[in-house]
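Participant: Just passing along the structure, written as structure tokens.
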Amino acid sequence: MMRLSEAAVATQAQMIGADIEFCCVGTDSRAIKKGQLFVALKGENFDGNHYAAQSLEAGASAVLVSSGSNDSPALLVKDTRLALGKLAAHWRAKFDMPVVAITGSNGKTTVKEMLANILKVATHNEAGVLATQGNLNNDIGLPLTMLELRNQHQYAVLEMGMNHSGELSYLTHLAKPNIALVNNAGSAHIGELGSLEAIAKAKGEIFEGLALGGTAVINADDAYADLWKRLSSHYKQITFGIHADADVKATYQLLPTGCVIDLNASAGSVEFTLPAPGLHNVYNALAAASAALALNVSLSDIADGLSGFSGAKGRLQAKQGFGGAKLIDDTYNANPMSMKAAIDVLKGVNGKRVFVMGDMAELGFDAPNMHADIGQYAKDTGVENFFALGTLTQSAVSAFGENAAHFESVDDLADALKKIMSPEVTVLVKGSRSMRMERVVNAIELTQKNNGGIH
Numbered sequence: 003m004m005r006l007s008e009a010a011v012a013t014q015a016q017m018i019g020a021d022i023e024f025c026c027v028g029t030d031s032r033a034i035k036k037g038q039l040f041v042a043l044k045g046e047n048f049d050g051n052h053y054a055a056q057s058l059e060a061g062a063s064a065v066l067v068s069s070g071s072n073d074s075p076a077l078l079v080k081d082t083r084l085a086l087g088k089l090a091a092h093w094r095a096k097f098d099m100p101v102v103a104i105t106g107s108n109g110k111t112t113v114k115e116m117l118a119n120i121l122k123v124a125t126h127n128e129a130g131v132l133a134t135q136g137n138l139n140n141d142i143g144l145p146l147t148m149l150e151l152r153n154q155h156q157y158a159v160l161e162m163g164m165n166h167s168g169e170l171s172y173l174t175h176l177a178k179p180n181i182a183l184v185n186n187a188g189s190a191h192i193g194e195l196g197s198l199e200a201i202a203k204a205k206g207e208i209f210e211g212l213a214l215g216g217t218a219v220i221n222a223d224d225a226y227a228d229l230w231k232r233l234s235s236h237y238k239q240i241t242f243g244i245h246a247d248a249d250v251k252a253t254y255q256l257l258p259t260g261c262v263i264d265l266n267a268s269a270g271s272v273e274f275t276l277p278a279p280g281l282h283n284v285y286n287a288l289a290a291a292s293a294a295l296a297l298n299v300s301l302s303d304i305a306d307g308l309s310g311f312s313g314a315k316g317r318l319q320a321k322q323g324f325g326g327a328k329l330i331d332d333t334y335n336a337n338p339m340s341m342k343a344a345i346d347v348l349k350g351v352n353g354k355r356v357f358v359m360g361d362m363a364e365l366g367f368d369a370p371n372m373h374a375d376i377g378q379y380a381k382d383t384g385v386e387n388f389f390a391l392g393t394l395t396q397s398a399v400s401a402f403g404e405n406a407a408h409f410e411s412v413d414d415l416a417d418a419l420k421k422i423m424s425p426e427v428t429v430l431v432k433g434s435r436s437m438r439m440e441r442v443v444n445a446i447e448l449t450q451k452n453n454g455g456i457h
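Under this note's numbering, the first residue of the sequence shown is numbered 3, with each subsequent residue one higher.
Here it is in structure tokens:
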């Protein structure tokens with residue numbers, strides 16, 4: 003609970019009406035909780051100020067607005083988005099539990115989920131770990147997550163995303179993490195930032211907000227590891243890797259459905275099976291383990307947390323496909339690095355392999371060549387069939403050549419897939435979030451509806 007007067011000081015707002023208490027904070031006028039502070043955000047196509055009165059009628063205790071307030075309890079500011087961040091920073095300062103911030107071009111959501119699972123095992127308390135829900139990792143989602151902090155929490159694991167320089171600097175200064183982790187730098191958002199080096203520097207901004215005595219966790223195998231080490235030189239550092247000399251290392255065996263990992267650190271070694279396939283998930287596990295070691299979690303709890311990891315929705319999820327085929331749902335998002343990682347997973351599967359690709363977004367002027375590179379990579383890896391949806395994927399289809407096909411609609415693509423799906427076939431579906439490739443998965447997944455009504 004917080005009084006409106008306290009929030010007014012934190013956000014440098016003009017307080018209007020009674021000095022009431024509010025229990026929580028939200029930005030969706032369609033999902034108001036009784037006693038909530040409604041934050042009226044503005045965007046290109048919407049203005050939350052128009053819904054302030056409606057939110058009060060629905061049960062909100064007060065509103066945070068930039069215009070149009072009457073005598074009802076309210077905070078009036080110039081910019082509600084910035085005020086939300088100020089309020090979250092004020093609230094975070096009330097708590098002293100360890101906070102971990104995670105970023106990277108690939109795997110940050112998976113690392114977040116892995117670390118949260120480790121910490122739940124270590125604390126024997128599901129409710130003791132606050133973790134970012136989904137990918138609420140921007141300048142709206144992060145403050146809303148921070149405002150969920152309560153005394154019951156022993157740890158907070160916060161995902162931070164970015165698509166332009168300066169964004170992570172802002173987020174990390176709000177959160178003041180005790181541990182900041184950079185998983186990798188890839189070509190996601192290269193259309194906005196222009197170069198891989200610019201992306202790596204932007205990722206390194208996460209270290210700027212580290213709390214006094216904090217720890218930087220760095221992928222020693224990444225090409226920009228030395229840059230991140232320089233940017234975090236005033237803090238303790240823990241490195242992880244497979245090829246480079248690192249504090250936390252691993253040997254591994256890749257399996258069709260997971261990985262056997264032998265993890266080595268100064269605290270000792272431990273072997274476990276990670277139920278998530280692909281070399282990229284070995285790195286994700288190393289990242290999560292390194293952050294956990296920085297929190298003094300035991301190796302046995304780390305192994306238990308990772309071996310019990312159930313995966314994240316839309317990230318290499320195994321499903322039953324039409325016609326008895328195996329279906330791998332990797333539709334959450336995509337960029338060149340994660341596309342190749344998915345193809346590598348498909349490479350390790352027996353039988354006929356079909357890769358279904360949707361467009362990759364935010365790649366800038368070189369996007370056609372980057373898509374062509376994925377088509378060539380899939381062909382060189384030995385994928386038997388390559389199906390594609392979207393505009394940019396046409397160059398990938400051309401690069402793959404024979405046994406590749408481009409489709410204009412989800413229905414046409416799904417119909418073509420169903421014709422070749424059988425028990426010896428594995429289909430992996432992947433594309434950027436904007437492509438909504440889960441529509442393809444839904445169309446070819448074995449269900450009661452498309453299997454003639456199983457009871």
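A virtual CB, placed ideally from N, CA and C, is assigned to each residue, including glycine.
Under 8 Å between the Cβ atoms of Val-299 and Trp-230?
Facilitator: Within the sequence shown, residue 299 is the residue found at index 297, counting from 1. Within the sequence shown, residue 230 is the residue found at index 228, counting from 1. No.
Participant: Can you tell which of Ala-327, Thr-111, Pro-258, Val-356 has its C-alpha closest to the C-alpha of Glu-447?
Facilitator: For the purposes of this step, residue 447 is identified with residue 445 of the sequence shown, where counting begins at 1. When only C-alpha atoms are compared, the closest one is Ala-327.
Participant: Looking at Phe-324: is its Cβ nearer than 8 Å to the Cβ of Ala-305?
Facilitator: For the purposes of this step, residue 324 is taken as residue 322 along the sequence shown, with counting starting at 1. For the purposes of this step, residue 305 is taken as residue 303 along the sequence shown, with counting starting at 1. Cβ distance not < 8 Å, so Phe-324 and Ala-305 don't count as in contact.
Participant: Helix or strand or just coil, what does DSSP make of Val-356?
Facilitator: For the purposes of this step, residue 356 is identified with residue 354 of the sequence shown, where counting begins at 1. It is a strand residue.
Participant: Only counting the same chain, and skipping five residues up and downstream in sequence, which positions put a Cβ closer than 8 Å to that of Met-3?
Facilitator: Your numbering for residue 3 matches position 1 in the sequence shown. Here the set comprises Glu-23, Phe-24, Cys-25.
Participant: So, is Glu-207 buried or exposed, given that buried needs 16 or more other C-beta atoms within 10 angstroms?
Facilitator: Residue numbering aside, residue 207 sits at position 205 when the sequence shown is read from its first letter. The residue in question, Glu-207, is buried, as its Cβ has 16 or more Cβ neighbours within 10 Å.
Participant: Going by DSSP, what residue range makes up the alpha helix (DSSP H) through Asn-371?
Facilitator: Numbered from 1 along the sequence shown, position 369 holds the residue referred to as residue 371. Note, Asn-371: alpha helix (DSSP H), 369-383.
Participant: Consult DSSP for Asp-264 and reduce its assignment to one of helix, strand or coil.
Facilitator: As a working mapping, residue 264 is identified with position 262 in the sequence shown. For Asp-264, the three-state secondary structure derived from DSSP is strand.
Participant: Might you give, ordered along the chain, the residues of its own chain that have their beta carbon closer than 8 Å to the beta carbon of Gln-319, omitting 5 neighbours on each side?
Facilitator: Within the sequence shown, the letter at position 317 stands for residue 319. If we look at Gln-319 and ignore the five residues flanking it on each side, its Cβ neighbours are Gly-313, Ile-330, Asp-331, Asp-332.
Participant: For Leu-288, which of Pro-258, Asp-249, Thr-125 has the nearest alpha-carbon?
Facilitator: Locating residue 288 in the sequence shown gives position 286, counting from the first residue. Comparing Cα positions, the closest option is Asp-249.
Participant: Alpha carbon to alpha carbon, how far is Phe-357 from Leu-84? Give it in angstroms, no decimals.
Facilitator: As a position in the sequence shown, residue 84 is number 82, starting the count at 1. As a position in the sequence shown, residue 357 is number 355, starting the count at 1. Taking the straight line joining both Cα atoms gives about 43 Å.
Participant: Should Val-442 be counted as a contact of the ligand ATP given a C-beta to heavy atom distance under 7 Å?
Facilitator: The model depicted lacks the ligand ATP and carries no ligand whatsoever.
Participant: May I ask you to list the residues that DSSP assigns as paired with Met-17?
Facilitator: Here residue 17 refers to the residue found at position 15 when the sequence shown is read from its first residue. Looking at the DSSP output, Met-17 sits in a beta bridge with Leu-77.
Participant: According to DSSP, Asp-49 sits in a beta bridge with which residue or residues?
Facilitator: By 1-based counting over the sequence shown, the position of residue 49 is 47. DSSP, once it has assigned bridges, lists Lys-44 as partnering Asp-49.
Participant: Relative to the alpha-carbon of Met-162, which residue among Arg-152, Phe-209, Leu-121 has its alpha-carbon at the smallest distance?
Facilitator: Indexing the sequence shown from 1 puts residue 162 at position 160. When each option's Cα is compared against that of Met-162, the closest is Phe-209.
Participant: Closer than 7 Å by C-beta to Ile-240: which residues in its own chain qualify, once you throw out the five before and the five after it? Chain order, please.
Facilitator: In the sequence shown, counting from the first residue as 1, residue 240 sits at position 238. Taken in chain order, the residues that qualify are Thr-217, Val-219, Asp-249, Val-250, Ser-292, Leu-295, Ala-296.
Participant: By Cβ distance, which residues of its chain are closer than 6 Å to Ala-401, with the 5 residues on each side in sequence left out?
Facilitator: Mapped onto the sequence shown, residue 401 falls at position 399. Answer for Ala-401: Ala-374, Gly-377, Gln-378, listed in chain order.
Participant: To which residues of the same chain is His-408 closer than 7 Å at the C-beta, ignoring the five residues directly before and after it?
Facilitator: The residue you call residue 408 lines up with position 406 of the sequence shown. Excluding positions up to five away in sequence, the list reads Ala-390, Thr-395, Gln-396, Val-399.
Participant: Could you check the C-alpha separation between Thr-125 and Glu-46 for me, to the nearest Å?
Facilitator: Counting from one through the sequence shown, the residue named residue 125 turns up at place 123. Counting from one through the sequence shown, the residue named residue 46 turns up at place 44. Near 43 Å, if we compare the C-alpha coordinates of Glu-46 and Thr-125.
Participant: For Phe-367, which of Leu-214, Ala-343, Ser-197 has the nearest alpha-carbon?
Facilitator: Within the sequence shown, residue 367 is the residue found at index 365, counting from 1. If we check each option's Cα against that of Phe-367, Ser-197 comes out closest.
Participant: Can you say whether Gly-106 is buried or exposed, counting buried as having 16 or more other CB atoms within 10 angstroms of its CB?
Facilitator: On the sequence shown, position 104 is the one that residue 106 refers to. Its Cβ being crowded by 16 or more others within 10 Å, Gly-106 is buried.
Participant: Any contact between the region 55-62 and the region 28-45? By contact I mean 3 or more CB pairs, one from each, below 8 Å.
Facilitator: yes
Participant: So Leu-176 packs on Ala-278, CB below 8 Å; how close in whole Å?
Facilitator: Walking along the sequence shown from the start, residue 176 turns up at place 174. Walking along the sequence shown from the start, residue 278 turns up at place 276. That pair is no contact at about 30 Å.
Participant: When burial is assigned at 16 or more other CB atoms within 10 Å of the CB, is Thr-449 buried or exposed?
Facilitator: For the purposes of this step, residue 449 is identified with residue 447 of the sequence shown, where counting begins at 1. Exposed.
Participant: Using a Cβ-Cβ cutoff of less than 8 Å, which residues in the same chain neighbour Ile-201 once the five nearest sequence positions on both sides are dropped?
Facilitator: Here residue 201 is taken as the residue at index 199 of the sequence shown, counted from 1. Only residues of its own chain outside the window of five on either side were considered, and among them Ser-107, Ala-187, Gly-188, Ser-189, Ala-190, His-191, Ile-192, Leu-195 have a CB closer than 8 Å to the CB of Ile-201, listed in chain order.
Participant: Does the distance from the C-beta atom of Asp-133 to that of Leu-77 stay below 8 Å?
Facilitator: For the purposes of this step, residue 133 is taken as residue 131 along the sequence shown, with counting starting at 1. For the purposes of this step, residue 77 is taken as residue 75 along the sequence shown, with counting starting at 1. At residue 133 the sequence reads Ala, which differs from the Asp that was named. Taking 8 Å as the Cβ cut-off, Ala-133 and Leu-77 do not qualify as a contacting pair.
Participant: For Val-272, which residues from the same chain have a beta carbon less than 8 Å from its beta carbon, with the 5 sequence-adjacent residues on both sides left out?
Facilitator: Mapped onto the sequence shown, residue 272 falls at position 270. Around Val-272: Asp-264, Leu-265, Leu-301, Ser-302, Ile-304, Ala-305.
Participant: Can you look up Asp-306 in the DSSP assignment and give me helix, strand or coil?
Facilitator: Taking the first residue of the sequence shown as 1, we reach residue 306 at position 304. Residue state, collapsed to three classes: helix.
Participant: Start and end of the alpha helix (DSSP H) containing Asn-444?
Facilitator: As a first step, residue 444 must be located in the sequence shown, where it is residue number 442. First-last of the alpha helix (DSSP H) with Asn-444: 440-446.
Participant: Who does Gly-270 pair with in a DSSP beta bridge?
Facilitator: Within the sequence shown, the letter at position 268 stands for residue 270. Gly-270 pairs with Ala-267.
Participant: Rounded to whole angstroms, what's the CA-CA distance from Lys-349 to Trp-93? Just pull it up for me.
Facilitator: For the purposes of this step, residue 349 is identified with residue 347 of the sequence shown, where counting begins at 1. For the purposes of this step, residue 93 is identified with residue 91 of the sequence shown, where counting begins at 1. Roughly 47 Å separates the two Cα atoms.
Participant: In the DSSP assignment, the alpha helix (DSSP H) including Ala-290 goes from what residue to what residue?
Facilitator: By 1-based counting over the sequence shown, the position of residue 290 is 288. Per DSSP, Ala-290 belongs to the alpha helix (DSSP H) from 281-296.
Participant: For Glu-2, list the residues DSSP reports as bridge partners.
Facilitator: Since the first residue of the chain shown is 3 and the last is 457, residue 2 is not available in this structure.
Participant: Distance, Cα to Cα, Val-113 vs Gly-19?
Facilitator: Here residue 113 is taken as the residue at index 111 of the sequence shown, counted from 1. Here residue 19 is taken as the residue at index 17 of the sequence shown, counted from 1. One C-alpha to the other measures close to 44 Å.
Participant: Quick one: what does DSSP say His-408 is sitting in, helix, strand or coil?
Facilitator: The count along the sequence shown starts at 1 and reaches residue 408 at position 406. Note: His-408 maps to strand in three-state DSSP.
Participant: Mind checking whether Leu-256 and Leu-276 have CB atoms under 8 Å apart?
Facilitator: Position 254 of the sequence shown, counted from the start, is the residue given in the question as residue 256. Position 274 of the sequence shown, counted from the start, is the residue given in the question as residue 276. No; because the gap between Cβ atoms is not below 8 Å, this pair is not in contact.
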